[in-house]
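Here is the structure we will look at.
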Amino acid sequence: MVKIENLHKVFGRDIHVLQGIDLQVTAGEVVVILGPSGSGKSTLLRCINFLETPTAGIITVDGLTVNAGKATKEEERKILQIRKKTGMCFQSFNLFPHMTAIENVIEGPVTVLGQSKSEAIPYAEELLDWVGLSDKRDVHPSRLSGGQQQRVAIARSLAMKPDVMLFDEPTSALDPELVGEVVEVMERLADEGMTILAVTHEMHFARDVAHRVLIMDGGNWIEQGPPEEIFTNPKELRSQQFLAHILN
Amino acid sequence: MVCREALFYASQVTLRSSSMSVPQETGGSSIPAEAHAVLEEIENRQKRFKRNTTIALLALTVFIFFLFYIIKLDFSFMAKWVGFILTGMGVTLLVSLLAISLACVLSILGALGRLSKNPIANSIATAYVSLIRGTPLLVQVYMWYLALPQLGKALEELGIPGIQNALTLPAIPAGILALGVCYGAYMTETVRAGIQSITIGQREAAKALGMTETQAMRRIIFPQALRIIIPPISNEFIAMIKDSSLVSLMGVWELSYRAIKIGRRYFQSLEMLILVAFIYWLMCVILQYAQEKIETHMARGDRRVH
Numbered sequence: 111m112v113k114i115e116n117l118h119k120v121f122g123r124d125i126h127v128l129q130g131i132d133l134q135v136t137a138g139e140v141v142v143i144l145g146p147s148g149s150g151k152s153t154l155l156r157c158i159n160f161l162e163t164p165t166a167g168i169i170t171v172d173g174l175t176v177n178a179g180k181a182t183k184e185e186e187r188k189i190l191q192i193r194k195k196t197g198m199c200f201q202s203f204n205l206f207p208h209m210t211a212i213e214n215v216i217e218g219p220v221t222v223l224g225q226s227k228s229e230a231i232p233y234a235e236e237l238l239d240w241v242g243l244s245d246k247r248d249v250h251p252s253r254l255s256g257g258q259q260q261r262v263a264i265a266r267s268l269a270m271k272p273d274v275m276l277f278d279e280p281t282s283a284l285d286p287e288l289v290g291e292v293v294e295v296m297e298r299l300a301d302e303g304m305t306i307l308a309v310t311h312e313m314h315f316a317r318d319v320a321h322r323v324l325i326m327d328g329g330n331w332i333e334q335g336p337p338e339e340i341f342t343n344p345k346e347l348r349s350q351q352f353l354a355h356i357l358n
Numbered sequence: 007m008v009c010r011e012a013l014f015y016a017s018q019v020t021l022r023s024s025s026m027s028v029p030q031e032t033g034g035s036s037i038p039a040e041a042h043a044v045l046e047e048i049e050n051r052q053k054r055f056k057r058n059t060t061i062a063l064l065a066l067t068v069f070i071f072f073l074f075y076i077i078k079l080d081f082s083f084m085a086k087w088v089g090f091i092l093t094g095m096g097v098t099l100l101v102s103l104l105a106i107s108l109a110c111v112l113s114i115l116g117a118l119g120r121l122s123k124n125p126i127a128n129s130i131a132t133a134y135v136s137l138i139r140g141t142p143l144l145v146q147v148y149m150w151y152l153a154l155p156q157l158g159k160a161l162e163e164l165g166i167p168g169i170q171n172a173l174t175l176p177a178i179p180a181g182i183l184a185l186g187v188c189y190g191a192y193m194t195e196t197v198r199a200g201i202q203s204i205t206i207g208q209r210e211a212a213k214a215l216g217m218t219e220t221q222a223m224r225r226i227i228f229p230q231a232l233r234i235i236i237p238p239i240s241n242e243f244i245a246m247i248k249d250s251s252l253v254s255l256m257g258v259w260e261l262s263y264r265a266i267k268i269g270r271r272y273f274q275s276l277e278m279l280i281l282v283a284f285i286y287w288l289m290c291v292i293l294q295y296a297q298e299k300i301e302t303h304m305a306r307g308d309r310r311v312h
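Here the protein sequences come in this chain order: P and L.
Numbering of the first sequence is given in our numbering, commencing with residue 111 and proceeding in unit increments.
Numbering of the second sequence is given in our numbering, commencing with residue 7 and proceeding in unit increments.
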């Protein structure tokens with residue numbers, strides 16, 4: 111479903127954030143990316159839908175292959191296609207503040223897919239219901255709690271019927287008591303067979319929901335495997351140190 | 007914010023304070039008696055401020071009319087000519103409205119140019135803003151009206167037929183172009199600042215949904231920027247209403263031109279100028295009211311207004 115080959119990202123001239131990452135994610139797989147701050151987790155995620163332009167490397171999403179070294183019109187067209195097939199949730203939600211919850215959710219289908227409002231609304235209502243917010247249908251984001259905003263943001267991504275969901279620290283900006291409602295939605299998404307790549311500090315999600323955990327440090331992953339293995343028996347010294355630090 | 011909450015409590019408290027002086031239950035929490043006094047004082051201070059401001063404004067108005075009285079301002083003269091002067095309002099409004107429309111279009115194009123990565127678009131927009139902002143509007147008005155025909159003549163001699171006539175503009179179109187182009191340059195910077203004030207997260211969210219740059223601008227960035235730029239744009243509009251008097255330089259009989267003519271003819275400029283100033287002021291007050299209405303409308307969804 112997602113294939114990353116030799117991905118490099120350099121900021122400025124010499125800040126080498128991603129150093130030749132290879133990674134493959136199969137359909138329906140839930141992958142959690144862990145690692146210390148500055149290890150390139152978010153950048154990796156953001157390179158998959160080209161919110162960051164990779165400096166070099168080949169990215170394949172759902173059969174669409176983009177070579178980051180080339181910057182042709184053809185590649186740009188493919189990048190737009192990839193973005194339609196990948197949903198993304200941000201740490202700061204980034205809901206559109208001038209639109210109500212339902213308007214946020216139909217924005218993608220209407221503007222990008224060219225559906226009419228009346229076509230888009232039934233599914234959008236279904237999604238709001240699925241994230242437990244049908245009563246907030248006509249409310250603007252400023253009137254929603256952080257957890258509610260993030261759930262609308264998830265519904266907004268799902269409205270595009272994506273094949274892959276990217277979560278970039280979706281609960282980091284939330285008050286502790288609001289984290290659960292967002293994680294619960296992510297779990298249900300995983301249960302329904304969605305392919306998920308998540309950068310998160312929610313250990314419960316990593317341990318119980320993820321199929322695979324990836325530990326990153328210094329611009330590449332240093333260890334990966336099923337959560338039970340990574341959490342109980344990490345092989346790399348740096349993973350041991352990192353896990354010891356966050357689990358205590 | 008703290009103050010607003012205090013006021014909220016204060017208003018709750020004053021409803022009952024006449025009958026109660028002991029701490030009372032308000033939704034589970036009790037406000038101690040000492041706090042009531044503080045909250046009431048805050049509310050009273052607000053009330054006093056409002057009352058005193060009103061009194062001061064009234065006093066100021068009375069003082070101004072008193073001044074008019076002692077300098078023997080000729081109100082009957084003003085009444086006699088007010089109709090004649092008001093006939094010029096049509097021209098003032100026509101010039102202002104068309105010029106602000108032109109300025110809006112130019113400012114959006116200018117802002118997009120200033121933010122564009124295309125070197126040609128970017129440099130044209132930058133040169134436009136720099137040149138127009140850097141020269142007096144007065145010079146620009148004459149440039150459109152007096153200098154352009156000369157340019158047309160030169161071009162005609164170079165072999166472009168009919169260009170001299172096309173570039174010889176009547177006064178009102180020349181005025182509209184001068185004002186629109188000039189204000190468009192100032193507003194370009196306003197619009198650009200508005201667009202840039204929208205957080206990068208909004209653009210990223212739009213892109214992540216698969217929107218093109220144009221779609222993201224049209225659907226997500228610009229509507230949010232618009233809300234921010236309404237107050238400064240209204241400012242420009244108000245300034246333009248008054249600058250439209252510059253078309254009188256080309257002999258157009260608009261508001262101020264009429265007032266000055268009549269004032270000079272009868273040596274009663276004071277009356278005529280006060281009258282025309284008052285008419286401009288009234289127009290601007292109406293605009294200000296419209297601006298407030300638009301702002302409230304645009305602020306839907308913003309927590310600050312609820």
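Cβ atoms here follow ideal geometry from the backbone N, Cα and C, with glycine treated the same way.
Computed from a predicted model, the values in this text were never measured in an experiment.
Proximal chain P residues relative to residue i, where beta-carbon distance stays under 9 angstroms
| i | result |
| --- | --- |
| Q218 of chain L | It should be noted that the sequence gives Thr, not Gln, for residue 218 of chain L. In chain order: L190 and V222. |
| E210 of chain L | R156, L161, M198, F200 and N204 |
| P229 of chain L | F206, H208 and M209 |
| Q221 of chain L | T221 and V222 |
Contacts around residue i, its chain only, beta-carbon distance under 8 angstroms, and the 5 residues preceding and following it disregarded
| i | result |
| --- | --- |
| I236 of chain L | Q297, I300, E301 and M304 |
| E302 of chain P | none |
| C199 of chain P | Q260, A263, I264, S267, M275, L276, F277, D278 and P280 |
| S102 of chain L | L185, F243, M246, I247 and S250 |
| T196 of chain P | I158, N159, V171, P272, D273, V274, M275 and L276 |
| I285 of chain L | I91, L92, M95 and L261 |
| S107 of chain L | G186 |
| R10 of chain L | At R10 of chain L, the pLDDT of 48 sits below 50, so the modelled position is not reliable; the number obtained from the coordinates is stated separately. Same-chain partners within the cutoff: there are none. |
Burial state of residue i (16 or more Cβ within 10 Å)
| i | result |
| --- | --- |
| L154 of chain P | buried |
| V111 of chain L | exposed |
| T60 of chain L | exposed |
| N204 of chain P | buried |
| I166 of chain L | exposed |
| A65 of chain L | exposed |
| S136 of chain L | exposed |
| V319 of chain L | Not covered by the structure: residue 319 of chain L. The range shown for chain L is 7 to 312. |
| L45 of chain L | buried |
| P123 of chain P | For the sequence presented, residue 123 of chain P should be read as Arg rather than Pro. Counting Cβ neighbours within 10 Å, R123 of chain P comes out exposed, since fewer than 16 surround it. |
| V222 of chain P | buried |
| E338 of chain P | exposed |
| S152 of chain P | buried |
| F121 of chain P | exposed |
| L157 of chain L | exposed |
| H250 of chain P | buried |
6 angstroms CB neighbourhood of residue i in its chain, flanking five on each side removed
| i | result |
| --- | --- |
| I138 of chain L | C188 and A191 |
| P29 of chain L | Bear in mind that the predicted position of P29 of chain L carries a pLDDT of just 46, short of 50, making it too unreliable to give a figure here. |
| M193 of chain L | A109, S113 and E242 |
| A230 of chain P | I216, P219 and V220 |
| A131 of chain L | G116, G119 and R120 |
In DSSP terms, what residue i is bridged to
| i | result |
| --- | --- |
| Q334 of chain P | P:L324 |
| G197 of chain P | P:M275 |
| I306 of chain P | P:V140 and P:M275 |
| V112 of chain P | P:V135 and P:V171 |
| A166 of chain P | P:H118 |
Chain P contact residues for residue i, given Cβ-Cβ distances below 7 angstroms
| i | result |
| --- | --- |
| G207 of chain L | F200, S202 and N204 |
| K213 of chain L | L161 and R193 |
| Q52 of chain L | The premise fails here: Q52 of chain L is roughly 26 angstroms from chain P at the closest Cβ pair, so nothing lies under 7 angstroms. |
| Q202 of chain L | Chain P residues near Q202 of chain L: none, gap ~17 angstroms exceeds 7 angstroms. |
| I226 of chain L | F206 |
Partners in chain P for residue i, counting only beta-carbon separations shorter than 8 angstroms
| i | result |
| --- | --- |
| I114 of chain L | The premise fails here: I114 of chain L is roughly 18 angstroms from chain P at the closest Cβ pair, so nothing lies under 8 angstroms. |
| Q294 of chain L | Within 8 angstroms Cβ-Cβ: nothing; Q294 of chain L doesn't reach chain P, min ~24 angstroms. |
Under 7 angstroms by beta carbon: chain L residues contacting residue i
| i | result |
| --- | --- |
| E279 of chain P | None at all; the shortest Cβ gap to chain L is about 13 angstroms. |
Nonlocal neighbours in the same chain, by C-beta distance under 7 angstroms from residue i, ignoring five residues either side
| i | result |
| --- | --- |
| P344 of chain P | E333, Q350 and L353 |
| I239 of chain L | M193 and T196 |
| A283 of chain P | Q201, S202 and G256 |
| T182 of chain P | none |
Proximal residues of chain L, C-beta to C-beta of residue i below 8 angstroms
| i | result |
| --- | --- |
| M275 of chain P | Going along chain L, no residue has its Cβ under 8 angstroms from M275 of chain P, so there is no contact; the nearest lies around 11 angstroms. |
| M270 of chain P | L215 and G216 |
| E338 of chain P | None at all; the shortest Cβ gap to chain L is about 32 angstroms. |
Within chain L, partners of residue i - CB distance below 9 angstroms
| i | result |
| --- | --- |
| E217 of chain P | A212, L215, M217, R225 and I226 |
Residue i: CB within 6 angstroms of a non-hydrogen atom of the ligand FAD
| i | result |
| --- | --- |
| N171 of chain L | Among the components of this structure there are no ligands whatsoever, and the ligand FAD is therefore not found. |
Could you check whether the region 161-169 of chain P touches the region 226-245 of chain P, counting it as contact only if at least three pairs of C-beta atoms, one from each stretch, sit closer than 8 angstroms? Result no; under three Cβ-Cβ pairs closer than 8 angstroms.
Pairing CB atoms from the region 317-335 of chain P with CB atoms from the region 141-148 of chain P, are three or more of them under 8 angstroms? Contact between the region 317-335 of chain P and the region 141-148 of chain P is present, because at least three Cβ pairs lie under 8 angstroms.
Is it the case that the region 201-212 of chain L contacts the region 122-134 of chain L, given that we only count it when at least three CB pairs across the two stretches are under 8 angstroms? Contact between the region 122-134 of chain L and the region 201-212 of chain L is absent, with fewer than three C-beta pairs closer than 8 angstroms.
Using 8 angstroms as the threshold, is the region 274-286 of chain L in touch with the region 84-104 of chain L, meaning 3 or more CB pairs across them? The region 274-286 of chain L is in contact with the region 84-104 of chain L.
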